[in-house]
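Notes for the one structure printed next.
Residue numbers (our numbering), protein chains in the order written: chain A, 95 to 270; chain B, 567 to 783.
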């Protein structure tokens, strides 16, 4: 099993989960010659069995495992996805008095993003819209201020700069 | 762009070593005598620097593919999400040849400002259509959108095209950050920006003095 990321905080968080669920700690290997990437590597039958049971079976793209997600695990799924492939920012663009909160998920898998939209709507009453990117991929934008605030309060992210933004929004600050 | 063959080499959940091995296998299989060049295409996110990106590295010889894949992985900033390999016949134009090249950074900034003007024009029309008779004409219209711009680079005989995608209102930061992040890919020999022509409304937010219009270009 390998878990790779350019983000030390996400690698640490993954290690924390591995310890919590399987009682194991995993060594971190910086990839030689790749300044942006480290890997956690571990061989474990138990993890292998769980991955076989719960993950997408060789169909190409990832899917949302609806059958295993209650509201709490859906929250965790969204939070983890946001940490890796999402963006939470509070921006003040030219000519504006107040900053605007932007929350979005990004992927090249449109069907996967549509399933994320279903999770957001069905469990958390958060509306979103998918936009096709000109070059490649799709963006799922959360729409309405209420929905975005509900997202950052109820779901959030493990990523440090996302958490800082969330903190600023909830305290009424802004990101320049 | 009309590539005759696209091979998906790697996606983010796979070991990096696989990418260059698959690149070599795909080259053996698809680089026949009618193929004149190939391109390693990499897509990545660098949200800590506020952008997503794509890199297109063009190769003239089959035995350069493996090294090109390794180089692009080594130099790509942030999180790499996918790597593809594209093959071209002599009649095919690649993305590097198709874009309108801008000579210098100042011209790039001027063109980005022109895009903002066009985006504002489109946003005004969208607000008018969306709110119908209820639009408050005293309020400012602020368009926000994902802009796409980039660089043409050269290193020895290699040609590289970088596409940067990020919010228009962060343009100055995006230019500064991306020029730093991609400097090892080669020397900048040109700039380019996708022209704003049409747009879809994603979200409209009304404030005391402004309509903020998030549009998809």
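Here a beta-carbon is modelled for each residue, glycine too, at the ideal position from N, C-alpha and C. None of the values given here were measured: they were computed from a predicted structure.
Residue i, buried or exposed, once every other Cβ within 10 Å from all chains shown has been counted against 16
i                     : result
residue 162 (chain A) : exposed
residue 176 (chain A) : buried
residue 226 (chain A) : exposed
residue 581 (chain B) : exposed
residue 114 (chain A) : exposed
residue 663 (chain B) : exposed
residue 674 (chain B) : buried
residue 746 (chain B) : exposed
Between the CA atoms of residue j and residue i - distance to the nearest angstrom
i                     : j                     : result
residue 720 (chain B) : residue 748 (chain B) : 12 Å
residue 739 (chain B) : residue 599 (chain B) : 44 Å
residue 192 (chain A) : residue 743 (chain B) : 25 Å
residue 766 (chain B) : residue 182 (chain A) : 22 Å
residue 737 (chain B) : residue 728 (chain B) : 15 Å
residue 101 (chain A) : residue 637 (chain B) : 21 Å
residue 703 (chain B) : residue 688 (chain B) : 15 Å
residue 709 (chain B) : residue 686 (chain B) : 6 Å
residue 590 (chain B) : residue 681 (chain B) : 41 Å
residue 777 (chain B) : residue 771 (chain B) : 6 Å
residue 120 (chain A) : residue 99 (chain A)  : 14 Å
residue 110 (chain A) : residue 678 (chain B) : 44 Å
residue 195 (chain A) : residue 233 (chain A) : 15 Å
residue 228 (chain A) : residue 118 (chain A) : 43 Å
residue 733 (chain B) : residue 170 (chain A) : 28 Å
residue 588 (chain B) : residue 112 (chain A) : 31 Å
residue 584 (chain B) : residue 639 (chain B) : 12 Å
residue 611 (chain B) : residue 143 (chain A) : 31 Å
residue 690 (chain B) : residue 158 (chain A) : 38 Å
residue 646 (chain B) : residue 97 (chain A)  : 13 Å
Chain D residues whose Cβ lies nearer than 7 Å to that of residue i
i                     : result
residue 166 (chain A) : The structure shown contains no chain D; its protein chains are A and B.
Residues near residue i in its chain [Cβ-Cβ closer than 7 Å; skip 5 each side]
i                     : result
residue 165 (chain A) : 217
residue 671 (chain B) : 757
residue 752 (chain B) : 719, 720, 721, 724 and 726
residue 586 (chain B) : 632, 635 and 636
residue 705 (chain B) : 775, 776 and 777
residue 258 (chain A) : none
Presumed contact (8 Å Cβ cut-off) between residue i and residue j, rounded CB distance
i                     : j                     : result
residue 769 (chain B) : residue 235 (chain A) : 7 Å
residue 238 (chain A) : residue 221 (chain A) : 6 Å
residue 717 (chain B) : residue 782 (chain B) : Actually they are not in contact, since the Cβ atoms of residue 717 (chain B) and residue 782 (chain B) sit about 24 Å apart, beyond 8 Å.
residue 614 (chain B) : residue 642 (chain B) : Actually they do not touch by this definition, with Cβ atoms about 14 Å apart.
residue 145 (chain A) : residue 249 (chain A) : Actually they do not touch by this definition, with Cβ atoms about 24 Å apart.
residue 684 (chain B) : residue 762 (chain B) : 4 Å
residue 619 (chain B) : residue 730 (chain B) : 5 Å
Same chain, Cβ closer than 8 Å to residue i, neighbours up to 5 away in sequence not counted
i                     : result
residue 129 (chain A) : Low confidence applies here, because residue 129 (chain A) scores a pLDDT of 48, under 50, leaving its location unreliable; read the following figure in that light. Answer for residue 129 (chain A): no residue qualifies.
residue 140 (chain A) : 116
residue 155 (chain A) : 203, 205 and 206
residue 104 (chain A) : 177, 178, 252 and 253
residue 107 (chain A) : 177 and 252
residue 696 (chain B) : 767 and 770
residue 231 (chain A) : 200, 201 and 202
residue 148 (chain A) : 159 and 162
Same chain only: Cβ atoms within 6 Å of residue i, ignoring 5 sequence neighbours per side
i                     : result
residue 648 (chain B) : 577 and 609
residue 760 (chain B) : 714
residue 780 (chain B) : 710, 768 and 769
residue 754 (chain B) : 717 and 719
residue 573 (chain B) : 592 and 651
residue 168 (chain A) : 213 and 217
residue 773 (chain B) : none
Residue i CB to nearest heavy atom of the ligand ADP below 8 Å
i                     : result
residue 165 (chain A) : With respect to the ligand ADP, the structure shown offers nothing to examine, as it has no ligands at all.
Note to self: For the segment 719-747 of chain B, list every residue whose C-beta sits within 9 Å of some C-beta in chain A, in sequence order.
What the structure shows: 729, 731, 733, 734, 735 and 736
Margin query: Tell me which residues of the segment 756-769 of chain B have at least one Cβ-Cβ distance to chain A shorter than 8 Å, keeping chain order.
Written below: 760, 766, 768 and 769
Margin query: Any C-beta of chain B within less than 9 Å: which residues of the segment 199-225 of chain A qualify?
Written below: 200, 201, 202, 223 and 225
Checklist line | Against chain A: residues of the segment 586-614 of chain B by CB proximity under 8 Å | finding: 609, 611, 613 and 614
Check: According to a CB-to-CB cut-off of less than 8 Å, which residues of the segment 691-711 of chain B neighbour chain A?
Finding: 706, 708 and 710
Check: In chain order, what residues of the segment 244-263 of chain A put their CB closer than 7 Å to some CB of chain B?
Finding: 255
Item checked: Contact list for the segment 643-677 of chain B against chain A, Cβ threshold 9 Å -> 643, 644, 645, 646, 647 and 648
Check: Which of the residues in the segment 181-194 of chain A, read from start to end, lie with their CB under 7 Å from any CB of chain B?
Finding: 181, 185, 187, 188, 189, 190, 191, 192 and 194
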